[in-house]
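Visitor: Here's a structure for you.
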Amino acid sequence: MKKIITLFVLFFAFSINASAQDKSIEFKKSAKKDLELLLSVIPIEGNMQNAIYNLFVKKHKDLNAPDMTPAKRSQITHTVDAKMKASLTNDQITALEKNKEIYAQLIGSETAATTTVKEKK
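Reading the sequence shown from the start, the letters are residues -20 to -1, 1 to 101 in mature numbering (1 follows the signal peptide of the UniProt record, and there is no 0).
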């Protein structure tokens, strides 16, 4: 009986761990898509690409938190926006802001989220 309970507990422990790894991979894939979208609009150097990629990974992790509220979403959006503006040149920011839909998607604004949900339906 103890062996069955032990196996049952181990099974669930590994299942939860595998699920967490799957989410991490999803965040990285989403961040890579965001980076590719950004690169389609403006050119960025290698080290800056890594920094922005890490910013997008963090954005996706934060936006998919189970306790997400509109206030937290707004705060994350403003943080991502500020960090991108601090990292990019004025010309790059101007070029990016001309593409409002892409810019909204990259910073994680509410309008981009609702547009994505509508497209999936």
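Note that beta-carbon positions come from the ideal geometry of N, C-alpha and C, so glycine has one too.
Distance, Cα to Cα, LEU76 vs THR(-15)?
Guide: Their Cα atoms are separated by approximately 54 Å.
Visitor: Anyone know if the C-beta pair for LEU43 and ILE56 falls short of 9 Å?
Guide: Going by C-beta atoms, LEU43 is nearer than 9 Å to ILE56.
Visitor: Please return the same chain residues whose Cβ sits closer than 7 Å to the Cβ of ILE73, not counting the five positions on each side in sequence.
Guide: Contacts found: LYS65.
Visitor: Along the alpha helix (DSSP H) that carries LEU35, what are the first and last residues, could you check?
Guide: LEU35 -> alpha helix (DSSP H) spans 26 to 43.
Visitor: The alpha helix (DSSP H) with ASP47 in it runs from where to where?
Guide: Unbroken run through ASP47: none, as it is neither H nor E.
Visitor: Between the Cα of GLU16 and those of ASN27, ILE5, ILE32, spot the shortest distance and give me the residue it belongs to.
Guide: Nearest C-alpha to GLU16: ILE32.
Visitor: Shortest alpha-carbon distance to ILE24 belongs to which of ASN70, HIS58, LYS52?
Guide: Closest option to ILE24, Cα to Cα, is ASN70.
Visitor: Please report how far the alpha carbon of ASN19 lies from the alpha carbon of LEU35, in whole angstroms.
Guide: According to the sequence provided, residue 19 is Leu. The question's Asn does not apply to it. Using only the alpha carbons, I get a separation of about 15 Å.
Visitor: Anyone know if the C-beta pair for ASP14 and LYS39 falls short of 9 Å?
Guide: Going by C-beta atoms, ASP14 is nearer than 9 Å to LYS39.
Visitor: Thinking C-alpha only, which one of ILE5, SER4, SER10 is nearest GLY88?
Guide: Checking every option, the nearest Cα to that of GLY88 belongs to SER10.
Visitor: Please state whether DSSP places THR(-15) in a helix, a strand or coil.
Guide: It is helical.
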